[in-house]
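Engineer:
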Amino acid sequence: MIRRISIVCTFAALLLLAFSMAQTDAQPGTVKQIVPGAWFREGDIKNLGHCNNIIIEMKDYLIVIDANFPSGARLALEAAKKVSSKPVKYVFDTHHHGDHAYGNPVWTQNGATTLAYKGVLDEMKRYEPRRWQETAKQRKDVAELNLPTAEPPKQTFDKSPFILRDDTREVRFYYFGWAHTRGDGFVYLPKEKVLCTGDAVANGAYNYMADGNIGNWPTVIRQAEKLDVVHVLPGHGAPAGKELLDGQARFMSELYGAVKSSVNQGKTLEDIVKMEGDKLTSTNIQLSAKVKNWVGDDLAGQVKDTYEEITQHKPHGDLPH
Numbered sequence: 001m002i003r004r005i006s007i008v009c010t011f012a013a014l015l016l017l018a019f020s021m022a023q024t025d026a027q028p029g030t031v032k033q034i035v036p037g038a039w040f041r042e043g044d045i046k047n048l049g050h051c052n053n054i055i056i057e058m059k060d061y062l063i064v065i066d067a068n069f070p071s072g073a074r075l076a077l078e079a080a081k082k083v084s085s086k087p088v089k090y091v092f093d094t095h096h097h098g099d100h101a102y103g104n105p106v107w108t109q110n111g112a113t114t115l116a117y118k119g120v121l122d123e124m125k126r127y128e129p130r131r132w133q134e135t136a137k138q139r140k141d142v143a144e145l146n147l148p149t150a151e152p153p154k155q156t157f158d159k160s161p162f163i164l165r166d167d168t169r170e171v172r173f174y175y176f177g178w179a180h181t182r183g184d185g186f187v188y189l190p191k192e193k194v195l196c197t198g199d200a201v202a203n204g205a206y207n208y209m210a211d212g213n214i215g216n217w218p219t220v221i222r223q224a225e226k227l228d229v230v231h232v233l234p235g236h237g238a239p240a241g242k243e244l245l246d247g248q249a250r251f252m253s254e255l256y257g258a259v260k261s262s263v264n265q266g267k268t269l270e271d272i273v274k275m276e277g278d279k280l281t282s283t284n285i286q287l288s289a290k291v292k293n294w295v296g297d298d299l300a301g302q303v304k305d306t307y308e309e310i311t312q313h314k315p316h317g318d319l320p321h
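If you count by the working numbering, then the sequence shown holds residues 1 to 321, one letter each, in order.
1. Looking at C-beta atoms only, is the number of pairs between the segment 30-43 and the segment 181-194 that lie closer than 8 Å three or more?
2. Can you pull the DSSP bridge partners for H231?
3. Alpha carbon to alpha carbon, how far is Y188 from D271?
4. Is the segment 169-176 close to the segment 270-284, with three or more CB pairs under 8 Å?
5. Does DSSP classify W39 as helix, strand or coil?
6. Please report how far the alpha carbon of L77 lies from the alpha carbon of T94, in whole angstroms.
7. To which residues of the same chain is P234 closer than 6 Å at the C-beta, ignoring the five residues directly before and after it?
8. From the DSSP output, which residues share a beta bridge with V88?
9. Per DSSP, which one or two residues make a beta bridge with N53?
10. Could you give the residue range of the beta strand (DSSP E) that holds Q155?
11. Taking contact to mean at least 3 C-beta pairs separated by less than 8 Å, is the segment 307-318 in contact with the segment 208-225?
12. Cα-Cα, which of D122, D60 and V232 is closest to N53?
13. Where do the ends of the beta strand (DSSP E) carrying E170 lie?
14. Considering only the alpha carbon of each residue, which of K226, L115, N264 and Y208 lies closest to M252?
15. On the DSSP letters alone, give me the boundaries of the beta strand (DSSP E) that K260 sits inside.
16. What's the C-alpha gap between A101 and T149?
17. Assign V303 to one of two classes, buried (16 or more other C-beta atoms within 10 Å of its C-beta) or exposed (fewer than that).
18. When DSSP labels each residue in this structure, what does K304 get in the three-state scheme?
19. Just how far apart, CA to CA, sit G301 and T168?
20. Buried or exposed: Q248, going by 16 or more other Cβ atoms within 10 Å of its Cβ?
21. Grab the span of the alpha helix (DSSP H) containing Y127 for me, first residue to last.
22. With a cut-off of 8 Å on the beta carbons, I'd call F69 and R130 a contact; round off their distance for me.
23. Round the Cβ separation of K290 and R250 to the nearest angstrom and send it over; I've been treating them as touching at under 8 Å.
24. Please report the residue range of the beta strand (DSSP E) in which T283 lies.
25. How many Å lie between K314 and V83 at the Cα?
26. Taking the C-alpha atoms as reference points, what is the distance between L62 and A79?
27. Over the uninterrupted beta strand (DSSP E) stretch that includes K82, give me the two end residues.
28. Can you tell me which of the three DSSP states P182 falls into?
29. Suppose the cutoff is 6 Å on Cβ atoms and the five residues either side in sequence are ignored; what does the same chain contact list for Q155 look like?
30. For E151, which residues in the same chain have their Cβ closer than 6 Å to its Cβ, ignoring the five residues on either side in sequence?
31. Compare the C-alpha of D122 against each of A136, D278 and R182 and name the closest.
32. Quick one: what's got a C-beta closer than 6 Å to W132's C-beta in the same chain, skipping five residues either side?
33. Where does F71 land, buried or exposed, given buried means 16+ other C-beta within 10 angstroms?
34. Is L319 helix, strand or coil by DSSP?
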């Protein structure tokens with residue numbers, strides 16, 4: 001068996017590894033109106049480590065989806081000011097990862113209330129301040145905040161859906177279960193048929209799995225598929241239609257099924273992944289052309305995570321990592 005390897009690197013670096021060489025028609029830095037009153041801002045994951053942001057206009061205020069890293073938060077705040085003169089009242093953290101939540105202080109200092117499903121707060125308690133402090137060593141925007149740990153969301157909910165509505169529109173915040181993290185939140189605009197997914201769904205090879213429940217991931221997405229959706233706005237990668245949900249679920253199912261088959265055949269981790277020193281370099285696990293959009297340089301790492309989840313009989317997020 002390949003032993004678990006302790007690699008001295010930040011969580012942000014792990015994310016960038018998982019996101020390398022993704023192939024989408026992404027346009028970082030652009031702001032696109034998806035429907036009247038809802039805008040999508042493409043985050044520059046390759047160069048800045050940023051997630052996407054969605055800006056939703058209510059009657060008297062704005063809602064922004066994901067706090068981003070601090071530098072990304074400032075860019076998203078600028079974008080919000082360009083599309084509307086209304087103040088940002090709520091910023092929703094879809095999950096606890098740094099590229100989605102470490103910008104919380106930027107928003108609260110500008111008068112917004114950060115909001116999340118309670119699982120996001122639970123995850124922060126589980127992983128912080130270690131990840132914050134590691135990331136601050138590598139990212140100037142985090143270090144410059146001069147804080148000892150990540151700022152948690154100011155408001156949480158535990159019943160799904162949580163709803164905000166006014167005369168302009170209704171916005172629903174859902175929790176469907178543990179996929180990418182224990183706290184994955186989805187945001188749904190029923191009238192406009194828009195779904196914001198955070199990193200539970202990505203458009204490209206952007207799937208970081210270490211905090212995940214890989215076996216349950218497709219089930220979560222299938223729950224989201226029950227909604228009447230036309231526009232899917234992922235946490236990373238370009239906007240797409242509802243087919244993106246099916247593609248992401250298929251990728252996770254194929255990956256889990258292929259690794260499970262290898263385990264059932266008695267194969268060891270060394271049989272299905274190759275290493276050079278401490279680096280995972282390749283895998284002989286092959287997935288179909290139908291899911292090639294989600295296959296990238298980190299497939300070997302994803303195979304390893306899946307193998308560990310299956311053989312240790314618990315979600316990978318419950319394993320030491």
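We treat Cβ as the ideally placed atom computed from N, Cα and C, and that holds for glycine.
No experiment lies behind these values; they were computed from the predicted model shown.
Structural biologist: In this structure, then:
1. With a cut-off of 8 Å, the segment 181-194 and the segment 30-43 count as touching, because enough Cβ pairs lie within range.
2. Translated into positions along the sequence shown, residue 231 becomes position 231. Residue pairing by DSSP places H231 opposite V194 in a beta bridge.
3. As a working note, residue 188 is residue 188 in the sequence shown. As a working note, residue 271 is residue 271 in the sequence shown. About 43 Å.
4. As far as the Cβ criterion goes, the segment 169-176 does not touch the segment 270-284, which means the pair count is below three.
5. For the purposes of this step, residue 39 is taken as the residue at position 39 of the sequence shown. In this structure, W39 counts as strand in the three-state DSSP scheme.
6. As a first step, residue 77 must be located in the sequence shown, where it is residue number 77. As a first step, residue 94 must be located in the sequence shown, where it is residue number 94. Between L77 and T94, the alpha-carbon positions lie close to 17 Å from each other.
7. By 1-based counting over the sequence shown, the position of residue 234 is 234. For P234, same chain residues with a beta-carbon under 6 Å away, outside a window of 5 residues either side, are T197, V201, A202 and N203 in chain order.
8. Residue numbering aside, residue 88 sits at position 88 when the sequence shown is read from its first letter. BP columns for V88 point to L62.
9. Your numbering for residue 53 matches position 53 in the sequence shown. According to DSSP, N53 shares a beta bridge with R41.
10. Taking the first residue of the sequence shown as 1, we reach residue 155 at position 155. Boundaries of the beta strand (DSSP E) harbouring Q155: Q155 to F157, taken from the DSSP string.
11. Counting Cβ pairs under 8 Å, three or more are found: they touch.
12. To locate residue 53, count along the sequence shown from 1; it is residue 53. Of the candidates D122, D60 and V232, the residue whose Cα lies closest to the Cα of N53 is V232.
13. Locating residue 170 in the sequence shown gives position 170, where the first residue counts as 1. Membership of E170 in the beta strand (DSSP E) is indicated by the continuous run E170 to Y174.
14. The residue labelled residue 252 in the question sits at position 252 within the sequence shown. Shortest Cα-Cα distance from M252 to any of K226, L115, N264 and Y208 involves Y208.
15. In the sequence shown, residue 260 corresponds to position 260, counting from 1. First-last for K260: E243 to N264, but that is the alpha helix (DSSP H), not the beta strand (DSSP E).
16. Position 101 of the sequence shown, counting from 1, holds the residue named residue 101. Position 149 of the sequence shown, counting from 1, holds the residue named residue 149. For A101 and T149, the distance between alpha carbons rounds to 12 Å.
17. In the sequence shown, counting from the first residue as 1, residue 303 sits at position 303. Answer is buried; the Cβ neighbour count reaches 16.
18. Position 304 of the sequence shown, counted from the first residue, corresponds to residue 304. Under the three-state reduction of DSSP output, K304 falls in the helix class.
19. Locating residue 301 in the sequence shown gives position 301, where the first residue counts as 1. Locating residue 168 in the sequence shown gives position 168, where the first residue counts as 1. When rounded, the distance between both Cα atoms is 45 Å.
20. As a first step, residue 248 is located in the sequence shown; it is residue number 248 there, counting from the start. The Cβ neighbour count for Q248, taken over all protein chains shown within 10 Å, is at least 16; the residue is labelled buried.
21. Locating residue 127 in the sequence shown gives position 127, where the first residue counts as 1. It spans K118 to Y127 - the alpha helix (DSSP H) in which Y127 sits, taken as one unbroken run.
22. Locating residue 69 in the sequence shown gives position 69, counting from the first residue. Locating residue 130 in the sequence shown gives position 130, counting from the first residue. Here F69 is actually not in contact with R130; their C-beta atoms are around 17 Å apart, not less than 8 Å.
23. Counting from 1 along the sequence shown, the entry for residue 290 is found at position 290. Counting from 1 along the sequence shown, the entry for residue 250 is found at position 250. With 8 Å as the limit, K290 and R250 qualify as a contact, their Cβ atoms being about 6 Å apart.
24. For the purposes of this step, residue 283 is taken as residue 283 along the sequence shown, with counting starting at 1. For T283, the enclosing beta strand (DSSP E) begins and ends at K279 to T283.
25. What you label residue 314 is simply residue 314 of the sequence shown in a count that begins at 1. What you label residue 83 is simply residue 83 of the sequence shown in a count that begins at 1. Linking K314 to V83 through their CA atoms gives a straight-line distance of about 45 Å.
26. Position 62 of the sequence shown, counted from the first residue, corresponds to residue 62. Position 79 of the sequence shown, counted from the first residue, corresponds to residue 79. Take the alpha-carbon of L62 and the one of A79: they are about 12 Å apart.
27. Taking the first residue of the sequence shown as position 1, residue 82 is located at position 82. In the DSSP assignment, K82 falls outside any beta strand (DSSP E) and within the unbroken alpha helix (DSSP H) covering P70 to V83.
28. Looking up residue 182 in the sequence shown gives position 182. It is worth fixing the name first, because residue 182 is Arg in this sequence and not Pro. The answer is coil: DSSP assigns R182 none of H, G, I, E or B.
29. Residue 155 sits at position 155 when you count from the first residue of the sequence shown. Within the same chain, Q155 has close Cβ partners T113 and L115.
30. By 1-based counting over the sequence shown, the position of residue 151 is 151. Within the same chain, E151 has close Cβ partners N104 and P105.
31. Here residue 122 refers to the residue found at position 122 when the sequence shown is read from its first residue. That would be R182, whose Cα lies nearest to the Cα of D122.
32. Position 132 of the sequence shown holds residue 132. Excluding sequence positions up to five before and after W132, its CB lies within less than 6 Å of the CB of T149 and A150, all in the same chain and listed in chain order.
33. Working through the sequence shown from its first residue, we reach residue 71 at position 71. In the sequence as presented, Phe is not what sits at residue 71; that position holds Ser. Buried, since its Cβ has 16 or more Cβ neighbours within 10 Å.
34. Within the sequence shown, the letter at position 319 stands for residue 319. If DSSP states are grouped into helix, strand and coil, L319 belongs with coil.
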